[in-house]
Every structure is written in structure tokens, then in C-alpha cells.
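*Asks:* Under my numbering, the first residue of the sequence shown is numbered 259, with each subsequent residue one higher. Okay, here's the structure, questions in a sec.
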Amino acid sequence: MRKLLGELLIEKGKLTSEKLNEALELQKEKGKKLGEILIKLKYINENDLKSVLSEQFGIPFLPHIDFDKISGEIVAKIPINYARKNIIIPVEDKGEVIVVAVSNPLDTFIADDLQVLLGKIIFPVISTTSEITNAINTVYNREDTTGSMVEDLEEDDIDTVSSDLEGEEPEDLLDAVDEAPIIKLVNSLLFQSVKQKVSDIHIEPFEKDVVIRFRIDGVLHNRLKVSKRFHSSIISRVKIMSNLNIAEKRLPQDGRIRTKVAGKDVDIRVSTIPTVYGERVVMRILDRSSVLLGLEDVGLKGEHLKTFSVLLRRSNGIILVTGPTGSGKTTTLYAALNKINSEDKNIMTTEDPVEYQLNGISQMQVNSKIGLSFATGLRSILRQDPDVILVGEIRDLETAEIAVQASLTGHLVFSTLHTNDAASAVTRLVDMGIEPYLISSSLVAVLAQRLVRTICTHCKVEYTPSDNELMQIGITRDELGNRKFYKGNGCEHCMNTGYSGRIGIFELFIVSDEIKNLINKKESATEIRKKAVEENMILLKRDGVQRILDGVTSVEEVLRVTQEEVD
259 MRKLLGELLI EKGKLTSEKL NEALELQKEK GKKLGEILIK LKYINENDLK SVLSEQFGIP
319 FLPHIDFDKI SGEIVAKIPI NYARKNIIIP VEDKGEVIVV AVSNPLDTFI ADDLQVLLGK
379 IIFPVISTTS EITNAINTVY NREDTTGSMV EDLEEDDIDT VSSDLEGEEP EDLLDAVDEA
439 PIIKLVNSLL FQSVKQKVSD IHIEPFEKDV VIRFRIDGVL HNRLKVSKRF HSSIISRVKI
499 MSNLNIAEKR LPQDGRIRTK VAGKDVDIRV STIPTVYGER VVMRILDRSS VLLGLEDVGL
559 KGEHLKTFSV LLRRSNGIIL VTGPTGSGKT TTLYAALNKI NSEDKNIMTT EDPVEYQLNG
619 ISQMQVNSKI GLSFATGLRS ILRQDPDVIL VGEIRDLETA EIAVQASLTG HLVFSTLHTN
679 DAASAVTRLV DMGIEPYLIS SSLVAVLAQR LVRTICTHCK VEYTPSDNEL MQIGITRDEL
739 GNRKFYKGNG CEHCMNTGYS GRIGIFELFI VSDEIKNLIN KKESATEIRK KAVEENMILL
799 KRDGVQRILD GVTSVEEVLR VTQEEVD
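See below:
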């Protein structure tokens with residue numbers, strides 16, 4: 259007799275009887291599948307579920323799909339909509355037998371359909387939904403369609419660009435295959451950007467052509483050049499999608515696109531400005547389906563993680579995160595809120611924009627057009643009996659004053675500032691007009707951060723650093739010992755950059771009693787920083803050096819993001 263799913267999970271040590279009983283009670287109430295409930299409760303992950311289903315039904319489990327083995331000829335016979343709807347992908351052609359990865363092994367109708375479509379025997383294997391979805395998105399777009407889109411543009415005469423974008427549910431851009439060339443080009447750019455984890459798309463007009471660049475892991479890369487004659491059509495298409503005024507080309511405009519790309523919900527912030535050669539557009543990509551990161555995931559570790567976690571348990575005070583635009587400040591703050599989020603706390607935010615929706619937290623979107631600023635929003639939040647408040651950014655004196663007063667009246671306040679290091683946050687608040695005694699009374703800590711690119715694991719190689727490299731990061735050959743440095747040679751997985759992904763490096767500045775005295779005396783940021791270093795504050799560059807020694811990043815990357823730092 260076939261064992262039940264719950265029994266197998268307990269046998270494998272993936273689940274306890276208590277958690278199983280809780281999930282079974284929920285199943286009675288909601289009627290959903292037991293596996294779905296267990297994953298939603300975070301008692302197991304999808305890999306655990308699929309491996310146990312594999313044993314339960316006697317179907318092999320395929321944790322990783324090799325894209326190179328997938329036959330384009332076989333895939334072409336299966337419509338993408340069918341593959342995505344049923345979460346299936348043919349992974350290997352064995353002559354008379356096709357191996358097909360499926361997410362739901364109980365759906366026997368899929369095998370019958372595929373047998374008719376492909377004319378061969380179907381051998382199912384189980385894989386995770388995310389693995390199959392990635393395979394579908396990669397294989398169906400294996401050919402770089404952007405270049406061919408440009409060729410289509412050269413052949414087609416485009417007079418107008420229009421599209422009906424209204425409707426409650428946005429259409430997935432992968433399904434829009436029969437659109438005009440300009441529309442296909444823009445859709446392709448958006449798809450490629452999500453696939454390659456691009457944060458920004460730049461559309462820049464020059465005298466004879468239009469350059470399209472992608473920002474990947476904080477660095478811009480040229481992606482495409484298009485003839486200048488298509489510039490206005492491309493801009494118009496983007497404006498239509500973001501509900502901007504097509505006729506207005508002399509003034510900057512801001513808009514937003516909400517769409518679906520390869521099954522993912524995506525928000526795109528659009529900004530246009532007039533330049534000498536026409537309108538320039540930057541689109542910032544926000545993947546709303548991204549998993550919320552924890553403090554460890556953003557890069558906090560060791561003493562930094564331990565100390566910052568203790569600070570989060572405070573009942574009042576201001577905790578600031580500083581750094582330039584794009585340094586991951588908001589992600590760190592979200593991770594902090596997620597760590598302390600519980601049913602006994604009322605957590606409220608005022609943001610511009612609300613980048614990710616957080617369960618159990620009330621989030622307010624700033625809207626300057628109707629007079630809803632950070633200061634106005636913060637003032638209103640204080641009437642809602644909050645315990646913890648997040649202010650997206652302290653930009654002016656009014657917002658700073660309300661934040662200080664909120665912290666002094668028993669609230670824990672999180673916010674961001676644009677400063678190069680942690681100690682400079684104090685002088686920035688003084689420059690805004692906040693009295694030093696109020697800063698020393700309310701400010702608890704400042705976390706300065708940068709994002710460094712991590713070395714691609716597929717092309718990572720070790721090497722012995724030169725004396726010059728060691729000198730630049732302040733390490734002697736004796737301190738290095740037998741440890742090796744690493745770098746990426748560049749491969750197809752990292753677009754030949756040698757890097758894939760980013761992680762944070764940090765500088766945690768704690769406002770001690772002695773530092774409070776320096777603030778009250780209106781000492782400079784340099785003096786405050788010196789005192790913090792005496793009290794064992796780890797500087798940004800030193801934290802970056804530790805990441806180099808851990809083999810996570812490279813010397814040039816740490817120097818790139820900390821070049822303004824003076825030891």
C-alpha cells in the first residue's frame with residue numbers, strides 16, 4: 259500500500275507530527291492540497307515535497323534541468339502557453355521516448371496530450387515549479403530575439419504605435435507574439451531585463467542612433483543600438499505603457515508600468531527627460547515576485563549581524579541606513595522589518611515608492627502631486643498608534659523633526675540618508691537644522707552600506723595577489739598567509755563579466771555616550787568617525803576585505819565601491 263505524503267515527510271525528518279496535524283486541520287478548513295499548505299506555512303520547501311512525491315509515486319526526481327540537453331525541435335512542437343499553464347518541459351530526446359519534467363505527477367492527461375503532440379512515448383520525471391518555469395523561459399527564448407527585432411524594424415515601415423493596455427489583469431509579455439515590431443522590441447527588452455536580473459534599462463538618443471543599455475549588478479552594459487529614425491516610436495510605446503503624455507516632449511515625466519513578464523509580476527518605474535537629441539528614458543525594474551531577503555542574505559554576518567539584531571529589539575530611537583542610490587538600503591530595511599514583524603507590533607511605513615508588499619505591515623505610498631509628502635504621511639502615521647515606523651527617506655528638516663520627535667515619544671524609527679559613510683549622517687542632520695542635543699538623544703545607530711558584485715561560481719579561479727593589490731587593501735603578505743584570492747574569468751553564465759549577483763558590505767556606527775558628547779559639542783564627522791573606530795567600528799573597506807578573504811568578491815570590486823574612503 260502506498261504511504262501517505264505526511265508519513266513519508268515525517269520518516270525523512272522533514273516534518274514533525276505536530277506540524278503535520280496543524281497542516282491537516284488547515285486542509286479541512288480550506289480544502290487545498292496538503293503539499294501547498296506545508297510550503298505556505300514554510301514547514302517544508304518545494305524540493306522536499308517533490309523528492310517525497312517522487313518516492314511516493316515511483317517517478318524519478320530531477321532537481322536540476324540541463325538546458326543544453328533540451329531539443330529546440332521538440333520544444334517547438336509544444337505551444338509556450340500550454341507548457342506554462344501545465345508547468346511541463348521536455349528535457350531529453352531518447353529516440354522513441356521523450357523525457358518530460360512535470361510539476362504535478364497526478365495529472366495523467368498531460369502525458370496523453372504530449373504523446374499526441376510529439377508522436378512518441380512520454381516518460382515523466384518530477385521537478386520543481388521554479389526549475390521548470392526557468393527552463394521554459396530560457397529555452398523558448400534561447401535565440402536572442404532582440405537582434406532580430408531590430409532587423410524587423412529595418413524591414414517594416416512603422417507609422418504609428420498604439421496598443422490597448424487597459425484591463426484588470428496585465429497580459430504576460432511572453433504571450434504577445436503577434437504584435438508590431440516596435441512593440442515586440444520593447445517587450446523583448448523587458449523580458450531580457452527580467453531574465454538577466456537587470457535593475458535599470460536606459461534608452462539614450464544620440465545624433466545618429468539610439469543606444470540601449472542594461473544596468474546589471476550595478477554596472478551599465480551596452481545592449482543594443484537602433485537607428486535614430488525609430489527613436490520616437492520606441493519612446494511613444496514606453497509612454498503608452500506607462501500612461502504618460504505622448505505629445506509632451508519638452509518636460510520631464512514620471513510614470514509606472516505594471517505588467518507580467520515570463521509569469522512574474524513586475525513594476526517598472528519610468529522616467530523621461532528631454533535632451534539635445536530627443537527624449538531619454540530610464541526604466542527601473544522591480545520584480546514583485548522576488549523573495550524577501552533576510553539580514554544574512556543581504557550580507558550582514560558576524561558581529562555586524564549580532565549587534566544589528568540586538569538594536570532591532572529596541573522600543574524607541576532612530577536607526578538610519580546610509581549610502582548612495584542603488585546601494586541596497588531599502589532591501590536592508592525590509593529585511594529588518596521582516597525580522598521584527600509579529601502580531602504584537604503595529605508596523606507602518608511611508609515610502610516612495612512602495613517597492614515590495616510586506617504581509618502584516620501597513621505601507622503608505624508618497625504622492626507629491628496631491629500633497630502627500632514624507633512629512634505629511636509620517637504625521638498621519640503617528641495618529642495610528644504605531645510601534646515601529648519606516649520613513650523611506652529623510653529629505654528635509656520637517657521630516658527629520660517629526661522622525662526625531664516620534665523616536666523621543668516611544669517609537670522605533672527606521673529611515674535612510676544619502677551619505678558616504680555612517681558618521682556623516684550626524685553632520686547631515688545638523689546641516690538640515692536639527693539641534694545636536696536632539697540628535698544625540700534620538701539617534702541609536704547608523705548602518706552605512708555598499709553593494710559589491712560577487713564572483714561568478716561557474717568561472718571562479720584562484721590566484722596569488724600582487725604586492726600592489728595587498729597594499730591597496732591594507733594587508734601584508736604575512737597577514738595573508740596561505741589564503742588565496744579569487745576572480746572570475748568570464749563565461750556565458752555571467753555575460754563574460756566574471757561576476758554574478760551582489761552582496762552588501764557594511765559599517766555599523768553605534769552612538770555611544772562618548773560619541774553623544776562629541777555630537778553635543780558639534781564636532782566634525784572626521785572626529786566622530788575617529789572615535790567610532792577607537793570603539794572598534796569596522797570600516798566599509800575592512801568589511802570588504804573580509805569578503806575578499808572569504809572568496810566572495812574581488813579586490814577591484816571592493817576598491818570600486820570604497821574608493822572615496824580614507825582609512
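Beta carbons are placed, not taken as given, at the ideal position from N, Cα and C, and that holds for glycine.
On the DSSP letters alone, give me the boundaries of the alpha helix (DSSP H) that T588 sits inside.
*Replies:* Segment K587 to I598, the alpha helix (DSSP H) holding T588.
*Asks:* Identify which residue in I806, E772 and E765 has its Cα closest to the Cα of E727.
*Replies:* For the residues I806, E772 and E765, the minimum Cα distance to E727 belongs to I806.
*Asks:* Could you check whether the region 702-713 touches the region 801-821, counting it as contact only if at least three pairs of C-beta atoms, one from each stretch, sit closer than 8 Å?
*Replies:* Yes: the two stretches touch, three or more of their Cβ pairs being nearer than 8 Å.
*Asks:* When the Cα atoms are used, what is the spatial distance from G691 to L636?
*Replies:* So the alpha carbons of these two residues sit roughly 18 Å apart.
*Asks:* Between E280, V649 and E750, which lies nearest to S631 when the distance is taken from Cα to Cα?
*Replies:* Ranking E280, V649 and E750 by Cα distance to S631 puts V649 first.
*Asks:* Determine whether the beta carbon atoms of A359 and S385 lie at a separation below 7 Å.
*Replies:* Yes, Cβ-Cβ distance for A359 and S385 is below 7 Å.
*Asks:* I need the straight-line Cα distance from I441 to I492, nearest angstrom please.
*Replies:* I441 and I492: Cα-Cα distance of roughly 8 Å.
*Asks:* Under three-state DSSP, which class holds L696?
*Replies:* Correct three-state label for L696: helix.
*Asks:* At the level of alpha carbons, what is the spacing between I215 and I345?
*Replies:* No answer is possible for residue 215: the residues shown for the chain start at 259 and end at 825.
*Asks:* Indicate the three-state DSSP secondary structure (helix, strand or coil) for K745 in the structure shown.
*Replies:* Note: K745 maps to strand in three-state DSSP.
*Asks:* Taking 8 Å as the cut-off, does the region 608-621 touch the region 570-585 (at least 3 CB pairs, one atom from each stretch)?
*Replies:* These segments do not touch.
*Asks:* For L766, which option in C749, G618 and G557 has the closest C-alpha, if you only look at C-alpha atoms?
*Replies:* Comparing Cα-Cα distances from L766 to each of C749, G618 and G557, the minimum goes to G557.
*Asks:* Answer yes if the region 509-522 comes into contact with the region 479-493, meaning at least three C-beta pairs across the two stretches below 8 Å, and no otherwise.
*Replies:* No: fewer than three Cβ pairs fall under 8 Å.
*Asks:* So, helix, strand or coil for Q615, using DSSP?
*Replies:* Q615: coil per DSSP, three-state reduction.
*Asks:* Can you give, in chain order, each stretch of the alpha helix (DSSP H) that sits fully within the region 512-542 and has at least 4 residues?
*Replies:* Runs of the alpha helix (DSSP H) inside the region 512-542: none found.
*Asks:* Out of A680, L738, H669 and E781, state which residue places its alpha-carbon closest to the alpha-carbon of I576.
*Replies:* Closest option to I576, Cα to Cα, is H669.
*Asks:* Is the region 326-346 touching the region 363-377 in the sense that three or more CB pairs, one from each, lie closer than 8 Å?
*Replies:* Touching, yes, given that three or more Cβ pairs across the two stretches are closer than 8 Å.
*Asks:* Thinking C-beta only, is I768 closer than 7 Å to L776?
*Replies:* Cβ distance not < 7 Å, so L776 and I768 don't count as in contact.
*Asks:* Measure the C-alpha to C-alpha separation of K780 and I697 and round it to an integer number of angstroms.
*Replies:* Those two C-alpha atoms are separated by around 11 Å.
*Asks:* Considering just the uninterrupted stretch of the beta strand (DSSP E) at F767, what are its terminal residues?
*Replies:* F767 -> beta strand (DSSP E) spans Y757 to I768.
*Asks:* Is L630 close to chain C, meaning its C-beta is less than 7 Å from at least one C-beta of that chain?
*Replies:* No chain C is present in this structure, which holds just one protein chain.
*Asks:* Taking F464 as part of the alpha helix (DSSP H), name the residues at either end of that continuous run.
*Replies:* Run containing F464: none; DSSP gives neither H nor E here.
*Asks:* Return the first residue and the last residue of the alpha helix (DSSP H) that A281 is part of.
*Replies:* Its alpha helix (DSSP H) spans residues S275 to K288.
*Asks:* How long is the line joining the alpha carbons of E265 and A281, rounded to whole angstroms?
*Replies:* Computed Cα separation, rounded: 13 Å.
*Asks:* State the CB to CB distance for the pair A680 and A706, rounded to an integer number of angstroms; the pair is presumed to be in contact (CB under 8 Å).
*Replies:* Their Cβ separation, rounded to whole angstroms, is 4 Å, which keeps A680 and A706 in contact under 8 Å.
*Asks:* For the region 477-486 and the region 458-466, state whether three or more C-beta atom pairs, one from each stretch, are separated by less than 8 Å.
*Replies:* Yes, they touch.
*Asks:* By the three-class DSSP mapping on this structure, what secondary structure does M795 have?
*Replies:* Three-state result, M795: coil.
*Asks:* Could you check how far apart the C-beta atoms of S457 and R542 are, in whole angstroms? I think they sit under 8 Å.
*Replies:* Going by Cβ atoms, the distance from S457 to R542 rounds to 7 Å, so yes, they are a contact pair.
*Asks:* Taking just the CA atoms, how far does Q804 sit from K742?
*Replies:* Computed Cα separation, rounded: 12 Å.
*Asks:* Quick check: the region 594-607 against the region 618-625, are at least 3 beta-carbon pairs closer than 8 Å?
*Replies:* Contact between the region 618-625 and the region 594-607 is present, because at least three Cβ pairs lie under 8 Å.
*Asks:* Can you give the beta carbon distance from G802 to T784, rounded, assuming they're within the 8 Å contact cut?
*Replies:* Contact flag wrong, Cβ pair sits at about 21 Å.
*Asks:* Span of the beta strand (DSSP E) holding P348?
*Replies:* Counting along the chain, the beta strand (DSSP E) containing P348 begins and ends at I346 to D351.
*Asks:* Within 10 angstroms of its Cβ, does N740 collect 16 or more other Cβ (buried), or is it exposed?
*Replies:* Exposed.
*Asks:* Please return the same chain residues whose Cβ sits closer than 8 Å to the Cβ of A658, not counting the five positions on each side in sequence.
*Replies:* So the list reads I652, L687, M690, G691 and I692, once near-sequence residues are dropped.
*Asks:* For F449, count the other beta carbons within 10 Å of its own beta carbon; 16 or more makes it buried, fewer makes it exposed. Which is it?
*Replies:* That one is buried.
*Asks:* Can you tell me whether E537 is buried or exposed, with buried defined as 16 or more other CB within 10 angstroms of its CB?
*Replies:* The residue is buried, with at least 16 neighbouring Cβ atoms inside 10 Å.
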